[in-house]
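Have a look at the structure below before the remarks.
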Amino acid sequence: MYLWSNDFLPSNKQTVVPDITNISQEMLPHQLQESPFGWAIFQRRGFDLKEPLWSGSLTFIQAVSTSAGNLDENLSGKKFASYTVFKGKAALSIHPILPSFSKMESGGSRMNRNGSVMLTFFPAVGQRKYDYTKKQLFALSPTEVGSLISLGPAESCEFFHDPSMKSSHEGQVKKSLSITPLGSDSGYFVNITVLNNMQKTTDRLSVPITKAEFAVMRTALSFALPHIMGWDQVLTHHPAPPASSKPRVERPHPDSEWER
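Okay, so the sequence shown: first residue is 397 according to our numbering, each after it adds one.
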């Protein structure tokens, strides 16, 4: 399945909802894999294809329901959002994945799976045409998100992942993600390399990110960080204490104030 921009769609249509009846859910983008309804494609027009790095070719994709029913009921209250940039040779989409919690015997909850920020790369197969079936994924941990957020204009960072680490399949697939400056404080290259020793293949994708696009990513990642750590749920969901265990309020003696 391919993703494309509105320049390939009827000029009199600003919102196009394609029929996805014959498309399997596995072929849909991550934010739509649990939705059987469809999507609409929106694009900001007015950019020059000759502009270096396609800095004006930012495309927004948002999942919307094409059903007449209630969206919250159909999606069980789940909401989907991502930030995607499309460039000449590849595209990059980022979205947060919340942690999961399990109930304890005491009645409380404990986090049993860390959250992350998922980076999804998919290659271009034509002019502003992308093949999502050949996507490559890289999940950033909270510490890796912190490294990206704190990146300076002339700094770079690199991460290495083995999806099967500590298992019998360790070393079969190795992934590396590097963020390197473009120069002149104009943005970064985001590069992913996936080495598959079983299939004897090496896939490389690179997406140039402008300074403005990286500013959006940095702000979004900063906002998402406490959420993927689960701190938002810890700090905002407090059960009411039992009536019999109200804390005793200690009233300080006035003399103690003068002794400070």
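By construction, the Cβ of each residue, glycine as well, lies at the ideal position given by its N, Cα and C atoms.
| Query | Result |
| --- | --- |
| Residue from SER572, HIS491, PHE482 and SER618 with nearest C-alpha to TYR526 | PHE482 |
| Local conformation of HIS491 per DSSP, three classes | strand |
| Extent of the continuous beta strand (DSSP E) to which PHE362 belongs | One cannot answer for residue 362 here, as it falls past the ends of the chain, which runs 397 to 656. |
| VAL590 to ALA608 span [Cα, whole Å] | 27 Å |
| As assigned by DSSP and simplified to three states, the class of GLY503 | coil |
| Residues of its chain near MET500, where Cβ-Cβ distance is below 8 Å and the 5 sequence neighbours each way are ignored | ARG506 |
| Three-state secondary structure (DSSP) of LYS607 | helix |
| Neighbourhood of SER560 by C-beta, 7 Å cutoff - its chain only, sequence neighbours within 5 removed | GLU566, GLN568 and VAL569 |
| Beta-ladder partner(s) of LYS474, from DSSP | LYS474 pairs with nothing; no bridge assigned. |
| Exposure of ALA535, with buried meaning 16 or more beta-carbon neighbours within 10 Å | buried |
| For SER543, three-class secondary structure by DSSP | helix |
| Inter-residue spacing [alpha-carbon to alpha-carbon] between LEU515 and VAL586 | 10 Å |
| Cβ-based neighbour list, THR598, same chain, cut-off 6 Å, excluding 5 preceding and 5 following | LEU591 |
| Neighbourhood of SER489 by C-beta distance below 6 Å, restricted to the same chain and skipping five residues each side | SER478, THR480 and THR516 |
| Rounded distance between the beta-carbons of VAL541 and LEU617, thought under 8 Å | 5 Å |
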